[in-house]
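From first to last, the protein sequence lines stand for chains F and L.
First residue of the first sequence: 72, per our numbering; consecutive thereafter.
First residue of the second sequence: 72, per our numbering; consecutive thereafter.
Virtual Cβ for every residue (Gly too), placed ideally from N, Cα, C.
2 protein chains.
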Amino acid sequence: MTTTATRDRILEEGARLIHRNGYHHTGIKEILDACNVPKGSFYHYFDSKEAFGLAVIDHYWHQFHGAVDQHLMDESQPPLARLQAFFASFREFFLSNDCTLGCPVGNLAQELADTHPVFREKLVSIFRNMEIVFRTVLEDARRRGDLPDTLDIDETAAFIVDAWEGAMLRMKVESDLHPLLRFEQTLFDRILR
Amino acid sequence: MTTTATRDRILEEGARLIHRNGYHHTGIKEILDACNVPKGSFYHYFDSKEAFGLAVIDHYWHQFHGAVDQHLMDESQPPLARLQAFFASFREFFLSNDCTLGCPVGNLAQELADTHPVFREKLVSIFRNMEIVFRTVLEDARRRGDLPDTLDIDETAAFIVDAWEGAMLRMKVESDLHPLLRFEQTLFDRILR
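Set out below in structure tokens:
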């Protein structure tokens, strides 16, 4: 395997394990064992567990952006329909995981924000990038006249990030998809109308 | 000190430390040291760390209910003004903690829901009790004609819990109060209007 392929495999496995068990409860040895990579070679790919954790967050962002490209960039649909398809695709993902796990970025925020400034800074930037994604769709919708004039687009884009995070947390606690449906209904039927 | 007083002190200190560091990262020895209670006596008060954790969650609920009694039961004010005062009082609390910590119940949900069924069940019931609190205020508001006829009160009460949790998470990541203000504005200006 090439160096890049091995690094990618460690990242992918690490992202999966950290999503399931958290950052502190995922050991480097556990990741390398799952990848069949010799123990000593981790520091060939990453400077530290922290550097690895930051790369895992980038990996989550990359996955998130896959769904953005697939659903939010589909210009054959009006902007709000694209937004609906986007949230529905995440619902499918969570359903296929029995409504466990929650949002990987939200989990790390809860676990690390207060205690690890480097992670906090990274997570702030990820949440802000999520805001930009939603703001872009809302701006498209406004240009078409699909949003009420009184709606503050910047604040609503940020609120969508926060309320969606809360809905994913509740989904995880209840092991039930309903909080995500409730979030979508409140968003489309009350906030954006 | 009486037995009850010692137990209460252990609980209070444990609740403070778990709020700050999480359940797994708070050791029993650390709690007892902070309380000046001899190490061997913990199991005189609690059957296990898990039983202690469940009692800590009840302690958080008790604290939450203090704010409910103070702000939401104040019948001299109309129901939606009471709800505004309630959220403002939590904003004050978080401001006095530099916008760190987040919601103790949301933190434990993130940390334990997927892996500890006993905690999951307890946290489900706490979130549902929070819903009941908000539903009661919304029902009062409906009786006075203060809410739009199209608003689904049950779903909105549950959504308030979820979106507030998300706002508290974002506050913690950003170390900034603004996500809480944004939550309140979206709630009162768009959802309940």
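DSSP state of residue i, grouped into three classes?
i	result
His95(L)	coil
Gln134(F)	helix
Gly173(L)	coil
Gly34(F)	With chain F covering only 72 through 264, there is no way to say anything about residue 34(F).
Ser119(F)	coil
Asp145(L)	coil
Arg206(L)	helix
His249(F)	helix
Arg80(F)	helix
Val189(F)	helix
Arg199(L)	helix
Asn178(L)	helix
Val108(L)	coil
Leu263(F)	coil
Thr257(F)	helix
Ala184(L)	coil
Using the rule of at least 16 other Cβ atoms within 10 Å of the residue's Cβ for burial, across every protein chain shown, is residue i buried or exposed?
i	result
Thr75(L)	exposed
Ala122(L)	exposed
Tyr94(L)	buried
Arg264(L)	exposed
Gly124(L)	buried
Met144(F)	exposed
Asp129(F)	exposed
His90(F)	buried
Asn178(L)	buried
Pro219(F)	exposed
Ser257(L)	The sequence as given places Thr at residue 257(L); Ser does not occur at that position. Burial call: buried.
Lys110(F)	exposed
Could you spell out where the alpha helix (DSSP H) holding residue i opens and where it closes?
i	result
Ala152(L)	150 to 167
Thr227(F)	224 to 245
Thr297(F)	The requested residue 297(F) is not part of the displayed model; chain F covers only 72 to 264.
Pick out whichever of the options has its Cα sitting closest to the Cα of residue i.
i	options	result
Arg78(F)	Leu166(F), Leu240(F), Ala126(F)	Ala126(F)
Phe165(F)	Asp233(F), Asp247(F), Leu209(F)	Asp247(F)
Asp169(F)	Phe259(F), Arg153(F), Glu245(F)	Glu245(F)
Glu233(L)	His130(L), His249(L), Gln181(L), Pro219(L)	Checking the sequence, you will find Asp at residue 233(L) rather than Glu. Out of His130(L), His249(L), Gln181(L), Pro219(L), Gln181(L) has the C-alpha closest to the C-alpha of Asp233(L).
Glu236(L)	Phe158(L), Arg153(L), Asp129(L)	Phe158(L)
Ala184(L)	Gly173(F), Leu194(F), Ala184(F)	Gly173(F)
Thr186(L)	Ile262(F), Lys243(F), Gln134(F)	Lys243(F)
Ile197(L)	Asp260(F), Arg241(F), Ile262(F)	Arg241(F)
His133(F)	Pro175(F), Asn92(F), Met239(F), Ile262(F)	Pro175(F)
Asp211(F)	Arg261(F), Leu154(F), Ala238(F), Ser160(F)	Leu154(F)
Leu209(F)	His249(F), Ser119(F), Ile262(F), His136(F)	Ile262(F)
Ala249(L)	Ser119(L), Ser167(L), Arg162(L), Val108(L)	According to the sequence as given, residue 249(L) is His; it is not Ala. The candidate whose alpha carbon is nearest that of His249(L) is Arg162(L).
Phe135(L)	Ser160(L), Ser119(L), Lys120(L)	Ser160(L)
Phe259(F)	Asn107(F), Arg80(F), Thr73(F), Ala156(F)	Ala156(F)
Leu88(L)	Tyr131(L), Leu194(L), Ser167(L)	Tyr131(L)
Asn92(L)	Thr171(L), Thr73(L), Thr207(L), Ala238(L)	Thr171(L)
Asn107(F)	Ser119(F), Thr207(F), Arg80(F)	Arg80(F)
Please confirm whether any heavy atom of the ligand GDP lies closer than 7 Å to the CB of residue i.
i	result
Ser112(L)	In the structure shown, the ligand GDP is absent, as is every other ligand, since no ligand is present at all.
Contact between the region 216 to 226 of chain F and the region 187 to 202 of chain L (3+ Cβ pairs under 8 Å): no
Sufficient close CB pairs (3 or more, under 8 Å) joining the region 240 to 260 of chain F to the region 96 to 107 of chain L: no
The region 206 to 218 of chain L in contact with the region 141 to 158 of chain L per 3-pair CB rule at 8 Å: yes
Meets three-Cβ-pair contact criterion under 8 Å: the region 75 to 86 of chain F and the region 102 to 119 of chain F: yes
Segment contact flag, the region 229 to 241 of chain F with the region 185 to 194 of chain L, C-beta cutoff 8 Å, min 3 pairs: no
Touching by the beta-carbon criterion (3+ pairs, under 8 Å), the region 110 to 117 of chain L and the region 133 to 142 of chain L: no
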